[in-house]
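Single-structure report; data block below.
Number of protein chains: 2
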Amino acid sequence: MTTRDRILDAAETLFAQDGYAGVSVRQIMSQAGADVSLAYYHFKSKRDLFDQVMLRRAEHLNDIRLKALEAVEKRHPDDAPTVEEIIGAFTNPLLDLLAADHEEWKHYFRLVAQINNSPEWGGELMTRYFDPLVRRFIGALRKALPDCSDEDLYWSYHFLSGALTLTFAETGRIDNLSSGVCRSSDMASINERMPTFLAAGFRALAARE
Amino acid sequence: MTTRDRILDAAETLFAQDGYAGVSVRQIMSQAGADVSLAYYHFKSKRDLFDQVMLRRAEHLNDIRLKALEAVEKRHPDDAPTVEEIIGAFTNPLLDLLAADHEEWKHYFRLVAQINNSPEWGGELMTRYFDPLVRRFIGALRKALPDCSDEDLYWSYHFLSGALTLTFAETGRIDNLSSGVCRSSDMASINERMPTFLAAGFRALAARE
DNA sequence: ACTCGATTTCAACGGCCGTTGAATATTAGT
DNA sequence: ACTAATATTCAACGGCCGTTGAAATCGAGT
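Chains as they are written, first to last, in the working numbering: chain A, 155 to 363; chain B, 155 to 363.
As structure tokens, then:
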């Protein structure tokens with residue numbers, strides 16, 4: 155593995171744990187096992203390093219989410235896919251990635267959760283990295299719910315986004331709350347519940363008219 | 155207003171914007187218009203100041219949420235309240251507080267959203283400040299959905315928590331995504347959609363059995 | 001007027017921060 | 001073997017960090 159990648163990995167892990175401001179370049183380079191100044195040879199600045207961390211996996215994630223959506227649509231040449239299928243194409247790739255390279259993606263999802271909920275970064279960064287794909291998904295949902303207004307669609311997606319990012323942040327909150335009955339890391343439980351829960355929400359808003 | 159309160163207000167605003175690590179005690183005291191060392195006269199440490207910021211409004215919020223739930227239950231002496239009513243008792247107080255003292259609570263909700271999604275703080279802090287009340291609400295939901303397993307109840311609440319905190323974080327994300335069709339700050343739109351969306355999710359999980 | 005505690009100011013501590021420039025080592029092409 | 005680009009090391013810069021102790025000010029009770 156190249157040094158640049160080791161730096162990105164270390165930065166990803168630490169940023170995910172303590173946030174952008176909570177981590178120093180020195181800590182990152184220490185965990186990467188390289189000299190501090192190498193950070194500024196491979197990246198323009200701390201902020202640039204952070205952006206590259208975000209970008210690296212965002213592209214891959216967008217790719218496989220898009221493919222999952224296209225696969226669902228191919229299975230429905232005539233009619234529209236169900237809301238559950240579309241939401242599944244949005245969430246299942248996360249589960250697949252975790253199953254394949256658990257540690258790597260776990261940190262990334264934690265990072266995205268914090269970004270999404272930060273007023274400083276959330277608005278702009280999520281838009282920059284994920285908006286085209288999200289618009290594509292909302293387009294598919296619009297076809298599945300033809301009576302649903304755009305306003306309802308956007309708000310429904312917003313609720314989905316909050317539930318999704320918190321769930322994949324694996325903060326351990328639900329473990330404490332449920333006294334161990336539920337575990338943050340139990341992806342099977344999430345898989346069988348989240349799409350059902352969210353699809354019902356979408357339908358309930360669409361049905362209000 | 156006492157100096158201690160001015161420090162808490164400044165800390166709340168800045169922590170909500172840039173997170174715990176992103177703000178220095180000097181910045182806080184500068185915004186509060188007081189000398190740096192006064193922070194350490196009124197509080198034990200930066201971390202203690204942070205805890206007091208969290209605690210101050212958590213108590214008030216828990217109070218009025220509990221009263222809202224009790225009011226709902228009083229309206230149903232024989233049968234159980236509906237899921238919508240219970241969720242409304244959980245979310246409406248946030249809207250009321252924003253309507254009454256907008257700036258003050260806006261910053262606090264932003265802060266809570268970041269805490270909730272942080273692996274470093276989320277698990278423990280949310281548990282410490284909000285768990286007793288949340289357990290009370292889940293108890294009410296259990297009565298409204300007698301066929302719902304505890305596991306489903308906890309996961310449903312978890313999805314609710316993610317949607318709720320992101321929504322009240324007002325990051326501007328939905329403004330960008332919807333190209334202005336929806337606005338983060340549009341509390342009327344949230345009020346007429348969120349309880350419906352979430353209650354449908356609860357019901358969908360309960361109905362799987 | 002005087003005291004005594006609560007509050008505020010002032011100056012400073014060691015330490016880590018992001019970043020840089022120059023010197024050195026490594027690698028690939030000729 | 002020489003060169004030229006790429007990669008890495010070393011030492012340092014000014015600046016801000018959290019925190020502290022001692023001195024000054026203020027305010028209420030006598």
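For glycine and all other residues, C-beta sits at the position ideal for the given N, C-alpha and C.
Contact between the segment 232 to 252 of chain A and the segment 293 to 303 of chain A (3+ Cβ pairs under 8 Å):
yes
Determine the DSSP secondary structure at B/F197, reduced to helix, strand or coil.
coil
Report, in whole angstroms, the separation of the C-beta atoms of A/D301 and A/A360, which I expect to be a contact under 8 Å.
6 Å
Do you know offhand how far A/R210's Cα is from B/L192's?
44 Å
How should B/T167 be labelled, buried or exposed, when 16 other C-beta atoms within 10 angstroms of its C-beta is the threshold for buried?
buried
Out of B/V335, B/E213, B/I161, B/E239, which has the shortest C-alpha to C-alpha gap to B/L223?
B/E239
Report the CB separation of A/P349 from A/I218 in whole angstroms; it is logged as a contact under 8 Å.
17 Å between Cβ atoms; not a contact.
I need the DSSP call for A/A234, collapsed to helix, strand or coil.
coil
Applying the 10 Å Cβ sphere with the 16-neighbour rule, what's the burial state of A/K221?
exposed
How would you label B/D306, buried or exposed, when you count the other beta carbons within 10 angstroms and need 16 or more for buried?
buried
Cβ of B/L215 within 8 Å of Cβ of B/F322?
no
For B/R290, the first and last residue of its enclosing alpha helix (DSSP H):
276 to 298
Inspect the beta-carbon positions of B/T319 and B/N270 and report whether they are closer than 8 Å.
yes
Pairwise C-alpha distance: B/D250 and B/L314
19 Å
Terminal residues of the alpha helix (DSSP H) in which B/R337 lies:
Where B/R337 is concerned, there is no enclosing alpha helix (DSSP H), given that its DSSP letter is neither H nor E.
Please report whether the beta-carbon of B/W259 lies at a distance below 8 Å from any beta-carbon of chain A.
no
Can you find the residues in the same chain that come closer than 6 Å, C-beta to C-beta, to B/L203, ignoring five residues on each side of it along the sequence?
A165, F197
What in chain A is Cβ-close to B/A188, meaning under 9 Å?
Chain A residues near B/A188: none, gap ~23 Å exceeds 9 Å.
Note down the Cα distance separating A/A212 from A/A225, rounded to an integer number of angstroms.
20 Å
Please check the pair A/F351 and A/S310, which I expect to be a contact at CB under 8 Å, by giving their CB distance rounded to whole angstroms.
Not confirmed; about 12 Å, so no contact.
Can you tell which of A/M280, A/H261, A/L331 has its C-alpha closest to the C-alpha of A/G173?
A/H261
Just to make sure I have the definition right: I need the residues of chain B whose C-beta is within less than 7 Å of the C-beta of A/V207. Which are they?
Under the 7 Å cutoff, chain B gives no residues; its nearest Cβ is about 16 Å from A/V207.
Taking Cβ-Cβ distances shorter than 9 Å, what residues in chain A pair up with B/V335?
D304, E305, Y308
In whole angstroms, what is the alpha-carbon distance linking B/Y194 and B/I161?
11 Å
Could you check which residue in A/A188, A/G187, A/S178 has the C-alpha nearest to that of A/R201?
A/S178
Nearest-angstrom Cα separation, counted from A/I344 out to A/F244
14 Å
Return yes when the Cβ of A/Q171 is within less than 8 Å of the Cβ of B/E274, no when it is not.
yes
Round the Cβ separation of A/R283 and B/C336 to the nearest angstrom and send it over; I've been treating them as touching at under 8 Å.
Sequence check: residue 283 of chain A is Tyr here, not Arg. So it is not a contact: roughly 20 Å between Cβ atoms.
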